[in-house]
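Here's the structure we're looking at; comments come further down.
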Amino acid sequence: MASSSSAYCSPFTRAVVSSMRKLYPESLADKSWDNTGLLLEAPFDGSRYRQRNSVLLAIDLTKAVADEAINRGDSVVVAYHPIIFRGLKSLTLNDSQQTSLLRLAQAGISVYCPHTAIDAAPGGMGDWLCDIVTGCFISKPQELPPAPAEQKPIPQLYTKPTYPRPTGITANPPQLKHTRKTIHPSSPPVPEGCENAGMGRLVTFSEPQPLSKIIDHIAAGVGNPGGIPIAIPQGSQVEDIRIRTVGVCPGSGSSVLMKGVSEIPDLMFTGEMSHHEALAAIENGKVVVSLSHSNTERGYLHAVMKEKLQSALRGEWESVRQEGIKAFEDGGSVQELEMFEDGTCEVDVSKADRDPYGIMIRWI
């Protein structure tokens, strides 16, 4: 047990960090620019109210997400995007992100940010996007509210194309025969079981597929939003386009999908691509589907990561608990023993997390 004078994080936090590192090894992250791992390690204070054995998943650690975690009493926030990206020269209340970090630390909540480790890992976001385009997910469309019949229509902001999780969504085997491979494989050595890790995925269909069918798959996988932003070659019609290869990359994927590749895919499915990159793509006969950065990421938390982390964490926390109870005989606080005796663990997806961009629906 730690001495009473030393600072240390809660045993449950250690179990969460260990589980994340096993599922999404930090060595897979692109450390040339990314900042991943345990970015805020809140000290455990056994003399005050103990945090819940719970984890809150989010894409972005905004003030709203921090408020949610504090109100819930979570122990850890797993925020996909790094809350600390560039070097900090100070921690003050004049910056909203720094304020969130200070408040979370004060509340005893740690922050873990996996980012590109999830992009690269087998079974991570890249493979989830492959599952979407190949038709693994089926869901019922969400109906938009009807326009008022006898009054002037009021514009409505439709902001959550991937949240909440689509009603009635089911995961199935791929509907379309295909092969998939990593576009930019991770440099060896890679952890055992991560031989196919790397950035971006390339799906090659056995037979060319109608673009409209792939768009339907994408819509089903991300919650059937009211519209799908798409760029196609000028003079072409969606119903006439056939797709043999699809490149996928969560977030901002143009550098992964268009640079250092032998051939650019027929369709690039990503979160965002610059104006000029999209123009260059369609001028070369390619198609781009760009949903807005985090809308190619957030659905993964619901569809895959919540259950995956919950399963891994149960075993990890049980192991930590048993070690802690045994070690308690050598000394420890009553609060620590109470924590070790609590076998519960919970993983939830943030309700406050959302993409900054929405779509305003107007009735004309």
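Each residue of the sequence shown is one higher than the last, beginning at 1 in UniProt numbering.
By construction, the Cβ of each residue, glycine as well, lies at the ideal position given by its N, Cα and C atoms.
All of these numbers come straight from a predicted model, not from anything done at the bench.
Name the DSSP bridge partner or partners of Ile-218? Answer is none; Ile-218 lacks a bridge partner.
Notebook entry, point to check: Comparing alpha-carbon positions, which option in Leu-257, Arg-244, Leu-279, Val-320 lies nearest Gly-343?
Noted result: Val-320
Discussion item. Can you find the residues in the same chain that come closer than 7 Å, C-beta to C-beta, to Met-305, ignoring five residues on each side of it along the sequence?
Written reply: Leu-57
For a test of the three-state rule: what should DSSP assign to Lys-181, helix, strand or coil? strand
task: Quick one: give me the first and last residue of the alpha helix (DSSP H) that Met-20 is part of.
output: 11-23
| said: If you reduce the DSSP assignment to three classes, tell me which class Phe-269 lands in. | reply: strand
Inset, instruction - State the start and end residues of the unbroken beta strand (DSSP E) segment that holds Thr-204. - result: 198-210
Short Cβ contact (8 Å threshold) for Val-16 with Tyr-112: yes
Inset, instruction - Taking 8 Å as the threshold, find out whether the region 121-140 comes into contact with the region 171-189 through three or more Cβ pairs. - result: yes
Taking Ala-66 as the reference, give the member of Ala-231, Leu-309, Ser-110 with the closest Cα. Ser-110
Chain C within 8 Å of Ala-352, Cβ atoms only | The displayed structure is made up of one protein chain only, and chain C is not part of it.
Query raised in the report: DSSP on Arg-103, reduced to helix/strand/coil?
Result: helix
message: Let me check understanding here. Comparing Cα to Cα, which of Ala-327, Cys-345, Val-349, Asp-74 lies closest to Glu-318?
response: Cys-345
Residues of its chain near Ser-187, where Cβ-Cβ distance is below 8 Å and the 5 sequence neighbours each way are ignored
none
The alpha helix (DSSP H) that contains Leu-309, what's its start and end?
306-327
Check your understanding: Is it true that the region 252-260 meets the region 221-228, where meeting means three or more beta-carbon pairs spaced less than 8 Å apart?
Key -> no
Practice item. Return the first residue and the last residue of the beta strand (DSSP E) that Gly-251 is part of. Key: 242-252
request  = Might you give, ordered along the chain, the residues of its own chain that have their beta carbon closer than 6 Å to the beta carbon of Pro-229, omitting 5 neighbours on each side?
outcome  = Ser-290
Inset, instruction - Could you pull the start and end residues of the beta strand (DSSP E) that Gly-37 belongs to? - result: 37-40
Original post:
Roughly how many whole angstroms lie between the Cα atoms of Glu-277 and Pro-233?
Top reply: 13 Å
| query | Taking C-beta to C-beta, are Gly-260 and His-184 nearer than 8 Å? | reply | yes
*Can you list, in chain order, the residues of its chain whose CB lies under 6 Å from that of Ser-294, leaving out five sequence neighbours each side?*
Ile-59, Asp-355
### Query
What does a CB cutoff of less than 7 Å around Pro-191 pick up in its chain, not counting 5 residues either side in sequence?
Pro-25, Ser-27
Identify, in the order they occur along the chain, each residue of the same chain with its Cβ nearer than 7 Å to the Cβ of Ala-312, setting aside the five sequence neighbours on each side. Ser-19, Lys-22, Leu-23
_Can you find the residues in the same chain that come closer than 7 Å, C-beta to C-beta, to Gly-124, ignoring five residues on each side of it along the sequence?_
Tyr-24, Ile-118
**OP:** Could you check if Leu-279 is buried or exposed, using at least 16 other CB atoms within 10 Å of its CB as the buried criterion?
**Re:** exposed
Boundaries of the alpha helix (DSSP H) in which Asp-348 is found, first to last residue: First-last for Asp-348: 346-349, but that is the beta strand (DSSP E), not the alpha helix (DSSP H).
- request: Could you please give me the residues that DSSP links to Ile-230 through a beta bridge?
  value: Val-289
Counting C-beta neighbours from all protein chains within 10 Å, is the total for Leu-61 16 or more, i.e. buried, or is it exposed?
buried
Just verifying my parser: in three-state terms, what is the DSSP assignment at Ser-96? helix
Note to self: Quick check on the DSSP output: the alpha helix (DSSP H) that includes Leu-279 runs from which residue to which?
What the structure shows: 275-283
Query raised in the report: Taking the continuous alpha helix (DSSP H) assigned at Cys-130, which residues delimit it?
Result: 125-133
What number of angstroms, rounded off, separates the C-alpha of Gly-126 from the C-alpha of Arg-201?
6 Å
For Phe-44, three-class secondary structure by DSSP: coil
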